[in-house]
Structure formats: structure tokens, C-alpha cells
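In the numbering used here, the protein residues as written are 4 to 420. All C-beta atoms, glycine included, are put in the ideal place defined by N, C-alpha and C. No experiment lies behind these values; they were computed from the predicted model shown. To start, the structure under review is shown below, and the notes come after it.
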Ligand SMILES: Nc1ncnc2c1ncn2[C@@H]1O[C@H](COP(=O)(O)OP(=O)(O)O)[C@@H](O)[C@H]1O
Ligand SMILES: CC(=O)OP(=O)(O)O
Ligand SMILES: [Mg+2]
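Below, the structure is given as C-alpha cells:
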């Protein structure tokens, strides 16, 4: 019998985030991050439970080297990959296509399928693959489980997943709406039901996952029926650096009129758009600070300009969010709660207030004081009289990945963490 710990790895294009979780007592013996992989100096931070974080900067030239550094840090605390307490490694894999509807034990064939999906997730799947391959090399005997961002959305009805284009073209090239951040939408919708004191199967929730990437989902009785991201994580909401929805003809227009290449347009829409493109800052904290500093009369013309572009970025962001909330009221018919989560959703009270402002007719209302109050766990920010609850529900993708991974390797039915 193996141990009760799961190492969760979230390999991004230039970072690896990791957490070691013990499923017996839900403790987290260690966590950390390696950032700026492949740049001249990478940054590593390892935090043992109850201990002082160890930080350093050094060159880490790829995901392989990053995972080796992580394994070495864990080993220093007696938590190495050879530890008998480790039951499995759970990997976040962003794109699982139509095939992966549940967490999956990794073997050569599964790796090959994740590889086949690289063209539809060029920014994410290669990093995920590198993470899995390195982990297989470092801990060959250990079960490795892939937990897919797309899995929760595979319940979407065909009419929500289809684009209105020639099915022959779409099917030949796997062009359809997949949706992402699924572990977060699954976890948060379930937690929201708990917060309301009801079974997930009875509750309809709109989940707004607002992190660097951002997506909305409509969850009916625990099943996803629509979500804002599509073929790739570019569709939908305005994000830190991604445009979200645009007229697809913008792409042809830029190619024909501005002479931009497909790769240049890809970079523009994925990396230089969203809040960053509109106002020069992708961090919502900075956007809010600039709006605030322009509210007084102390600053000069530069400050006023900076505040105005920050305000426009905020307004575009919030307008899109409000449109999706409205749309998902129409999709769900009946809504019990609107739940905000991830970095912006959990922390930015002005975004929550503005997104729900004017929607009283539909039911959700935000109480200004509850909205401003800070708190660790899931909490309601709507008054008791609201017909539709509004909630802040911190996401925990690592716990969800660990729970699903552990359930798979121990043969237990996945039990909500
Ligand atoms: N106190 C805060 N106020 C406003 N925004 C915040 C705050 N804290 C974090 N954020 C936002 O959250 C974003 C990161 O969200 P997070 O969920 O951690 O992202 P991801 O996991 O997608 O990298 C940051 O870019 C920042 O804009
Ligand atoms: C899929 C996606 O957008 O992920 P992230 O928010 O981690 O960039
Ligand atoms: Mg996140």
C-alpha cells in the first residue's frame, strides 16, 4: 500500500507551480514555484509547511531542470520523490480534447494523445508534456495522473460546443468549444452549493474564474452547460493579456490591411491585449490603483491620462463580464448563485460590485459592506433578501487535482475535497 500524499504539478509556459498535499489529513507539507524558466535568471521559492521559505535566483533552462530543482528542494525536507509516503503525482493538463472526460493514468498512449492536442493548445500542452515526461524520468515507479482543464466541460450540450461553421471542416481539425479552468469551475460550483447548504445536484451556479486567464461557466445541477472559453483559452472574457471575444474578421483585417502575420496576430491577441493592451498593466491591482490615484486632484495631466486609460480598461473588462452573467441567466433559466473566484474574483471588490451593478432585475445584488470585508473562506456578499446569492469562493485547483488523482490511484470514487 502506497502513502497518502500527492504532489500536484501545474506546469505553465514559463513556470512550474507545485504543492504536496496529504490526503489523510489535508495538510500541505510543501509548496513552491519556479518562475521565468528559460530566461537568464529564474526564480525559485520553496515553502515547507511551518518553515521559512527558501528563495533563490539561478538559471533554469527548461521544465526538466525546473522539476529537478523542485525534487531536490523536496528531498532536502525529507519529502523526495522516492518517499514511501508519496502515492502519485497529479499533473494539470490544459487541453484534453473530447477524449479525456476524467482524470487519467498516464501511459505512452495517453502521452501521445496529449501531444496530438498541441496544435489546439500551443501555449499550454507542451509545458504540461514536458512536466509529465520529466516526472516520469525522475520517479519511474510512481503513478502519474493527468487532470484536464477541459474535462468538466465535456458535459456541454452539442449546441453549446459547436461553432456555426461547416462540420466537415470543424471535425477534420477538431474545431469546437472545449472550455478551460474546469477543475476550478467544478470545485467552486460544488463549494458554492455547500455554502448555500444544498446538494450540488439541486443548484444552478454561474462561476466567474477571474485570474490571469479568466472564464465564466454556467453549471446546472453540478454539470457544466456552457463556458466562455472555446477552442483555446482566448475566447470569452477580457483577461490580463488576452482580448477574449472579438469579431473573427479582425484577424483577416489585420492580415490584409496591417500586413501582420498569423503569428504576430496570435501574439497580439494572446499576449498584448486585454488589460495590458488597453492600459499597459495586466495586473488588476495596478489598474485599480491608477483609477484611484486619478480620482483626487493632486496629480498632473499624466496622472489623469493614466487614470483614464485604466478606467477604460476596467470598464471594458467589467462590461464583458456583465454580458456573460446576463447570458448565463438566459442559458440556465434559474440561477441560485453567482460565484466569484481566482485572484481578481477573490480580491477585487470593485470588479465584483461593478459586474453585478444594475442586475437587480435578474436577482443578484451585492451588499457593499460584505463585498469590502476580507475573509479567508467561502462567503456570501449578497444581502439575505437577494433572490440570487452572490458569493466569493476561493478556488483550490491543487486540492481538486490531488483529490481526483488520489481517488484514481486508490480506486476510490472521487470524493469532493
Ligand atoms: N488584491 C487584489 N486586487 C485585485 N486584483 C488582484 C489582487 N490580488 C491578485 N489580483 C489579481 O489576480 C491575478 C492573478 O490571479 P491568479 O488566480 O493567481 O492567476 P493565475 O492562477 O491564472 O496565474 C493578478 O494578475 C492580479 O491582477
Ligand atoms: C487555460 C488558462 O487560461 O489557464 P491560465 O489561467 O492558467 O493561463
Ligand atoms: Mg490560478
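Thinking C-alpha only, which one of the options is nearest residue i?
{"i": "residue 238", "options": "393, 123, 5", "result": "123"}
{"i": "residue 358", "options": "327, 69, 396, 339", "result": "327"}
{"i": "residue 351", "options": "329, 374, 335", "result": "374"}
{"i": "residue 389", "options": "355, 293, 339, 64", "result": "339"}
{"i": "residue 180", "options": "52, 174, 143, 165", "result": "165"}
{"i": "residue 349", "options": "152, 380, 58", "result": "380"}
{"i": "residue 318", "options": "127, 308, 406, 353", "result": "353"}
{"i": "residue 342", "options": "196, 266, 334", "result": "196"}
{"i": "residue 273", "options": "287, 411, 235, 304", "result": "235"}
{"i": "residue 121", "options": "137, 98, 103", "result": "98"}
{"i": "residue 141", "options": "21, 75, 112", "result": "75"}
{"i": "residue 167", "options": "251, 303, 222", "result": "251"}
{"i": "residue 249", "options": "176, 232, 200", "result": "232"}
{"i": "residue 308", "options": "282, 244, 260, 190", "result": "282"}
{"i": "residue 59", "options": "80, 210, 35", "result": "35"}
{"i": "residue 210", "options": "306, 331, 310, 323", "result": "331"}
{"i": "residue 404", "options": "260, 96, 221, 378", "result": "96"}
{"i": "residue 329", "options": "378, 362, 176, 306", "result": "362"}
{"i": "residue 103", "options": "125, 271, 157", "result": "157"}
{"i": "residue 29", "options": "410, 396, 402", "result": "402"}
{"i": "residue 137", "options": "201, 65, 365, 378", "result": "65"}
Which residues in the same chain have their Cβ closer than 6 Å to the Cβ of residue i, if we skip the five residues on either side of it in sequence?
{"i": "residue 214", "result": "345, 346"}
{"i": "residue 242", "result": "216, 217, 277"}
{"i": "residue 371", "result": "none"}
{"i": "residue 187", "result": "212, 398, 400"}
{"i": "residue 419", "result": "Legend: pLDDT at residue 419 = 49, less than 50; position of this residue unreliable, value from coordinates given subsequently. So the list reads 193, once near-sequence residues are dropped."}
{"i": "residue 56", "result": "48, 50"}
{"i": "residue 100", "result": "120"}
{"i": "residue 207", "result": "223, 335, 337, 338, 339"}
{"i": "residue 155", "result": "185, 188, 189, 227"}
Can you tell me the Cβ-Cβ gap for residue i and residue j, rounded? I've got them flagged as a contact below 8 Å.
{"i": "residue 192", "j": "residue 225", "result": "7 Å"}
{"i": "residue 383", "j": "residue 392", "result": "6 Å"}
{"i": "residue 23", "j": "residue 94", "result": "Their Cβ separation, rounded to whole angstroms, is 14 Å, which puts residue 23 and residue 94 out of contact at 8 Å."}
{"i": "residue 285", "j": "residue 279", "result": "4 Å"}
{"i": "residue 67", "j": "residue 115", "result": "Not a contact, Cβ separation roughly 19 Å."}
{"i": "residue 117", "j": "residue 128", "result": "6 Å"}
{"i": "residue 41", "j": "residue 17", "result": "6 Å"}
{"i": "residue 456", "j": "residue 313", "result": "The shown model of the chain, from 4 to 420, leaves out residue 456, and the question about it has no answer."}
{"i": "residue 257", "j": "residue 394", "result": "Actually they do not touch by this definition, with Cβ atoms about 40 Å apart."}
{"i": "residue 334", "j": "residue 228", "result": "6 Å"}
{"i": "residue 144", "j": "residue 89", "result": "Going by Cβ atoms, the distance from residue 144 to residue 89 rounds to 10 Å, so no, they are not a contact pair."}
Please return the same chain residues whose Cβ sits closer than 8 Å to the Cβ of residue i, not counting the five positions on each side in sequence.
{"i": "residue 139", "result": "109, 147"}
{"i": "residue 43", "result": "62"}
{"i": "residue 15", "result": "127, 130"}
Please list, in chain order, all residues of the same chain as residue i whose beta carbon is under 7 Å from its beta carbon, the five residues on each side excluded.
{"i": "residue 72", "result": "37, 47, 63"}
{"i": "residue 408", "result": "9, 91, 93, 106, 148, 150"}
{"i": "residue 204", "result": "224, 225"}
{"i": "residue 83", "result": "74, 77"}
{"i": "residue 69", "result": "19, 37, 40, 63"}
{"i": "residue 367", "result": "341, 359, 385, 389, 391, 393"}
{"i": "residue 80", "result": "33, 51"}
Could you tell me whether the segment 156 to 176 touches the segment 35 to 53, using the rule of 3 or more Cβ pairs below 8 Å?
no
Which runs of the alpha helix (DSSP H) fall wholly inside the segment 150 to 235 and span at least 4 residues, in chain order?
161 to 164, 170 to 175, 185 to 198
Ordered list of beta strand (DSSP E) runs contained in the segment 71 to 136, each at least 3 residues:
89 to 96
Residue ranges of each alpha helix (DSSP H) run of no fewer than 4 residues wholly in the segment 284 to 312, ordered along the chain?
287 to 296
Could you name each continuous beta strand (DSSP E) segment of 3 residues or more that falls completely within the segment 313 to 344, going from the start of the chain to the end?
340 to 344
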